[in-house]
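A.B. asks:
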């Protein structure tokens with residue numbers, strides 16, 4: 005596979021219970037190549053086999069899930085500051101609660117009346133918030149979770165609000181994650197704070213995908229409650245890491261300038277979403293020469 009060819013999201017395994025624009029499932033083929041022993045040995049990356057994968061802005065967690073499920077790392081830490089998203093991960097990774105969540109999904113009669121009643125409820129427990137979040141993510145336009153977003157009207161094959169509701173698939177994904185829960189740590193908190201405490205972890209690698217850009221990310225400004233970030237501070241903090249990392253951003257001049265200022269390598273990659281719309285993303289790291297090496301196209 006050519007490293008610069010367009011990745012079609014529909015061809016990549018889906019493991020996350022979330023759906024939203026800006027998700028990083030399409031980056032999984034690049035993740036595989038980045039973490040492959042062949043790549044890491046050839047380019048002198050340390051460690052050759054990372055023990056720990058950290059995603060400071062986890063969101064849907066697709067990259068952490070892939071890294072663990074495909075046995076590239078022993079453990080992954082996901083960090084998420086948004087409380088409604090965090091509730092989903094806390095529930096799925098709780099040995100006593102994940103099964104309750106799958107049962108709720110499988111038995112919920114999804115229609116406008118029931119959805120409106122659910123989303124209007126005052127939620128008292130983490131697992132109730134998790135269920136509400138999953139339903140909202142599946143019935144709103146683009147999966148957006150921020151206040152004020154409308155429901156899907158037409159949807160896939162004219163199924164309207166039910167067009168993204170696949171209870172059996174969701175239950176299976178949650179069950180699969182729960183079976184790997186010992187390999188995950190979840191932190192409901194600030195990814196920047198985690199980065200500040202992890203600078204000396206040589207056995208750790210980082211995937212850093214802030215859901216906001218310099219001018220307001222195409223997906224981030226209304227996806228989450230938290231949409232502001234000091235990008236310069238993030239770049240400065242990442243420059244202090246003693247570990248390998250990849251950062252992703254929209255490809256804008258201001259971000260390229262920050263990358264140059266801190267001596268980072270950059271490479272633009274392309275993707276095609278499930279609606280066949282093409283988009284580009286800027287990858288940033290200490291050394292991305294493997295992305296430009298024509299001899300490294302296999303096994304991706």
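Numbering (the numbering used here), first residue to last: 5 to 304.
Beta carbons are placed, not taken as given, at the ideal position from N, Cα and C, and that holds for glycine.
Once you ignore the five residues that flank residue 116 on each side, which residues in its own chain have a CB closer than 8 Å to its CB?
C.D. replies: Closer than 8 Å at the Cβ level, and outside the excluded window around residue 116, lie 155 and 165.
A.B. asks: Cutting at 6 Å between CB atoms, please list the residues of its own chain near residue 80, excluding the five before and the five after it.
C.D. replies: The answer, listed in chain order, is 57, 68, 71, 72 and 188.
A.B. asks: Please classify residue 202: is it buried, with 16 or more other beta-carbons within 10 angstroms of its beta-carbon, or exposed?
C.D. replies: Classification of residue 202: buried, given that the 10 Å Cβ count is 16 or more.
A.B. asks: Given residue 23, which residues of its chain have a CB within under 8 Å of its CB, disregarding the five upstream and five downstream residues?
C.D. replies: Closer than 8 Å at the Cβ level, and outside the excluded window around residue 23, lie 64, 141, 142, 147 and 168.
A.B. asks: Here's the rule: buried if 16 or more other CB atoms are within 10 angstroms of the residue's CB, otherwise exposed. What is residue 137?
C.D. replies: That one is buried.
A.B. asks: Output the distance between the C-alpha atoms of residue 239 and residue 31, rounded to the nearest integer angstrom.
C.D. replies: Approximately 21 Å, taken between the alpha carbons.
A.B. asks: In its own chain, which residues sit with a C-beta less than 8 Å from the C-beta of residue 41, not counting the 5 before and 5 after it?
C.D. replies: 52 and 53, listed in sequence order.
A.B. asks: Fully enclosed by the region 40 to 113, which beta strand (DSSP E) runs are 3 residues long or longer?
C.D. replies: Counting only runs of 3 or more, we get 56 to 59 and 79 to 84.
A.B. asks: Which residue from 139, 111 and 94 puts its Cα closest to that of residue 124?
C.D. replies: Of the candidates 139, 111 and 94, the one whose C-alpha sits nearest the C-alpha of residue 124 is 139.
A.B. asks: Pull up the CB-CB distance for residue 211 and residue 82, whole angstroms please, since I reckon it's below 8 Å.
C.D. replies: Wrong, their Cβ atoms sit about 10 Å apart, outside the cutoff.
A.B. asks: Bridge partners of residue 232, per DSSP?
C.D. replies: In DSSP, residue 232 forms no bridge with anything.
A.B. asks: Is DSSP giving residue 237 helix, strand or coil here?
C.D. replies: It is helical.
A.B. asks: Which one of 243, 108 and 16 has the shortest CA to CA distance from residue 174?
C.D. replies: The shortest Cα separation from residue 174 among 243, 108 and 16 belongs to 108.
A.B. asks: Give the secondary structure of residue 190 by DSSP, where H, G and I count as helix, E and B as strand, and everything else as coil.
C.D. replies: It is a strand residue.
A.B. asks: Between which two residues does the alpha helix (DSSP H) carrying residue 137 extend?
C.D. replies: First-last of the alpha helix (DSSP H) with residue 137: 130 to 143.
A.B. asks: Rounded to whole angstroms, what's the CA-CA distance from residue 241 to residue 196? Just pull it up for me.
C.D. replies: Each residue's alpha carbon lies about 8 Å from the other.
A.B. asks: Buried or exposed: which applies to residue 20, given that a residue is buried once 16 or more other Cβ atoms fall within 10 Å of its Cβ?
C.D. replies: Burial call: buried.
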